[in-house]
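*Asks:* Heads up: the protein sequence lines correspond to chains A and B, in order.
For the first sequence, the residue numbers in this note's numbering are 618 to 730.
For the second sequence, the residue numbers in this note's numbering are 371 to 485.
The structure that follows is given in the form of structure tokens.
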Amino acid sequence: GESVGLHLPTLSVQEGDNSIINCAYSNSASDYFIWYKQESGKGPQFIIDIRSNMDKRQGQRVTVLLNKTVKHLSLQIAATQPGDSAVYFCAENIGGGSYIPTFGRGTSLIVHP
Amino acid sequence: GAGVSQSPSNKVTEKGKDVELRCDPISGHTALYWYRQRLGQGLEFLIYFQGNSAPDKSGLPSDRFSAERTGESVSTLTIQRTQQEDSAVYLCASTSGGGSQYEQYFGPGTRLTVT
Numbered sequence: 618g619e620s621v622g623l624h625l626p627t628l629s630v631q632e633g634d635n636s637i638i639n640c641a642y643s644n645s646a647s648d649y650f651i652w653y654k655q656e657s658g659k660g661p662q663f664i665i666d667i668r669s670n671m672d673k674r675q676g677q678r679v680t681v682l683l684n685k686t687v688k689h690l691s692l693q694i695a696a697t698q699p700g701d702s703a704v705y706f707c708a709e710n711i712g713g714g715s716y717i718p719t720f721g722r723g724t725s726l727i728v729h730p
Numbered sequence: 371g372a373g374v375s376q377s378p379s380n381k382v383t384e385k386g387k388d389v390e391l392r393c394d395p396i397s398g399h400t401a402l403y404w405y406r407q408r409l410g411q412g413l414e415f416l417i418y419f420q421g422n423s424a425p426d427k428s429g430l431p432s433d434r435f436s437a438e439r440t441g442e443s444v445s446t447l448t449i450q451r452t453q454q455e456d457s458a459v460y461l462c463a464s465t466s467g468g469g470s471q472y473e474q475y476f477g478p479g480t481r482l483t484v485t
């Protein structure tokens with residue numbers, strides 16, 4: 618989950634566990650959300666997206682949940698693998714012709730074999 | 371096809387020098403973004419280009435920062451009179467437009483170190 622401070626929030630899990638990464642977004646007008654995965658030394662990579670007219674979307678081993686009431690987004694990773702170790706960012710877009718997303722601070726996921 | 375590429379991958383420069391960072395977007399992508407990522411931080415938007423429209427420069431932190439893009443091709447980000455606080459990874463991303471205009475394809479970044 619999120620925390621204040623200079624260090625990146627970190628989630629440590631064992632291989633095979635399910636992981637839940639949380640994101641609180643800021644703008645109630647945001648209508649499109651994306652989760653990105655950033656491995657060390659690489660740029661962020663798209664994982665899954667969701668529009669504001671949905672509250673759940675599933676991909677391969679990943680599920681995104683959207684709670685607009687409390688402006689909360691979560692990413693669930695099933696059967697977490699060591700290759701899932703990375704920093705995960707959520708991004709929100711307000712739409713309406715604006716294509717500049719706002720990125721969350723990120724959560725570092727560490728998967729222990 | 372090829373993804374977004376950036377060069378150089380690493381750049382070490384002395385305080386006060388100018389640097390130029392390059393981004394080659396995916397061919398055909400109409401939009402291009404520059405971001406700055408400080409260690410352990412999220413992505414800070416710098417500038418956005420969409421086709422031949424005037425760029426959105428609202429994220430540039432000071433007038434020492436500028437960027438150019440010719441049409442829908444290569445972009446360069448220039449930082450003049452670099453300062454130590456400019457040390458960061460600079461990421462470039464492009465988007466295809468159409469129904470997936472929000473999904474951004476990122477390059478590997480340029481790690482800038484100002485000594």
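By construction, the Cβ of each residue, glycine as well, lies at the ideal position given by its N, Cα and C atoms.
These numbers were taken from a predicted model, which means no experiment stands behind them.
1. Can you tell me which residues form a DSSP beta bridge with Thr686 (chain A)?
2. Please decide whether Gly660 (chain A) counts as near chain B, where near means a Cβ-Cβ distance under 8 Å.
3. Starting from Asp325 (chain B), trace the beta strand (DSSP E) both ways and give me its first and last residue.
4. For a cutoff of 8 Å on Cβ pairs, would you count Gly618 (chain A) as touching chain B?
5. Identify whether Asp701 (chain A) lies in helix, strand or coil by the three-state DSSP scheme.
6. Using a Cβ cut-off of 8 Å, pull out every chain A residue sitting near Leu461 (chain B), in sequence order please.
7. Can you tell me which of the three DSSP states Asp394 (chain B) falls into?
8. Below 6 Å CB to CB, which residues in the same chain sit around His729 (chain A) once its five sequence neighbours on both sides are set aside?
9. Roughly how many angstroms lie between the CA atoms of Tyr705 (chain A) and Ala641 (chain A), to the nearest whole one?
10. With 16 other CB atoms within 10 Å as the buried threshold, where does Ala463 (chain B) fall?
11. What residues in the region 385–410 of chain B have a beta carbon less than 7 Å from any beta carbon of chain A?
12. Quick one, which of B:Asp394, B:Glu384, B:Val389 and B:Lys385 has its alpha-carbon nearest Pro478 (chain B)'s?
13. I need the DSSP call for Glu438 (chain B), collapsed to helix, strand or coil.
14. Quick check on DSSP: helix, strand or coil for Asp666 (chain A)?
15. For Thr452 (chain B), which of B:Glu442, B:Leu461, B:Gly441 and B:Ser436 has the nearest alpha-carbon?
16. Alpha carbon to alpha carbon, what distance is there between Leu690 (chain A) and Gly721 (chain A)?
17. Who are Val374 (chain B)'s beta bridge partners in DSSP?
18. Find out if the Cβ-Cβ distance for the pair Glu442 (chain B), Thr400 (chain B) is shorter than 8 Å.
19. So what does DSSP say about Val621 (chain A), is it helix, strand or coil?
20. Should Leu447 (chain B) be labelled buried (16 or more other beta-carbon atoms within 10 Å of its own) or exposed?
21. Chain B partners of Ile694 (chain A), CB-CB under 9 Å?
*Replies:* From the atom records:
1. Your numbering for residue 686 (chain A) matches position 69 in the first sequence. According to DSSP, Thr686 (chain A) bridges with nothing at all.
2. Your numbering for residue 660 (chain A) matches position 43 in the first sequence. Residue-level contact by beta carbon holds for Gly660 (chain A) and chain B, with a gap shorter than 8 Å.
3. Residue 325 (chain B) lies beyond the stretch modelled for chain B, which goes from 371 to 485, so this question has no answer here.
4. Here residue 618 (chain A) corresponds to residue number 1 of the first sequence, with the count starting at 1. With a pLDDT of 38 at Gly618 (chain A), under the threshold of 50, the modelled position of that residue is not reliable, and no figure is offered here.
5. Translated into the one-based positions of the first sequence, residue 701 (chain A) becomes position 84. Look at Asp701 (chain A) here: in three-state DSSP terms it is helix.
6. Walking along the second sequence from the start, residue 461 (chain B) turns up at place 91. For the C-beta of Leu461 (chain B), the chain A residues within less than 8 Å are, from N- to C-terminus, Gly660 and Pro661.
7. Within the second sequence, the letter at position 24 stands for residue 394 (chain B). Looking at Asp394 (chain B) - three-state DSSP - the assignment turns out to be strand.
8. Translated into the one-based positions of the first sequence, residue 729 (chain A) becomes position 112. Contacts found: Gln631.
9. Locating residue 705 (chain A) in the first sequence gives position 88, where the first residue counts as 1. Locating residue 641 (chain A) in the first sequence gives position 24, where the first residue counts as 1. Cα to Cα, the separation comes out at about 13 Å.
10. One-based indexing of the second sequence puts residue 463 (chain B) at position 93. By the 10 Å Cβ count, Ala463 (chain B) comes out buried.
11. Those would be Ala401 and Gly410, in chain order.
12. What you label residue 478 (chain B) is simply residue 108 of the second sequence in a count that begins at 1. Checked all of B:Asp394, B:Glu384, B:Val389 and B:Lys385; the closest Cα to Pro478 (chain B) is B:Asp394.
13. Position 68 of the second sequence holds residue 438 (chain B). Strand, per DSSP.
14. Position 49 of the first sequence holds residue 666 (chain A). Note: Asp666 (chain A) maps to strand in three-state DSSP.
15. By 1-based counting over the second sequence, the position of residue 452 (chain B) is 82. For Thr452 (chain B), the nearest C-alpha among the options comes from B:Ser436.
16. Locating residue 721 (chain A) in the first sequence gives position 104, counting from the first residue. Locating residue 690 (chain A) in the first sequence gives position 73, counting from the first residue. About 11 Å.
17. For the purposes of this step, residue 374 (chain B) is identified with residue 4 of the second sequence, where counting begins at 1. Paired residues: none, contrary to the question.
18. What you label residue 442 (chain B) is simply residue 72 of the second sequence in a count that begins at 1. What you label residue 400 (chain B) is simply residue 30 of the second sequence in a count that begins at 1. One thing to note: Glu442 (chain B) has its Cβ within 8 Å of the Cβ of Thr400 (chain B).
19. Here residue 621 (chain A) refers to the residue found at position 4 when the first sequence is read from its first residue. Any reading at Val621 (chain A) must be qualified, since the residue scores a pLDDT of 34, below 50, and its modelled position is unreliable; no value is offered.
20. Taking the second sequence and counting its residues from 1, the one referred to as residue 447 (chain B) is at position 77. Label assigned to Leu447 (chain B): buried.
21. The residue you call residue 694 (chain A) lines up with position 77 of the first sequence. Listed by position along chain B, the residues whose Cβ is nearer than 9 Å to that of Ile694 (chain A) form an empty set, because the closest Cβ is around 19 Å away.
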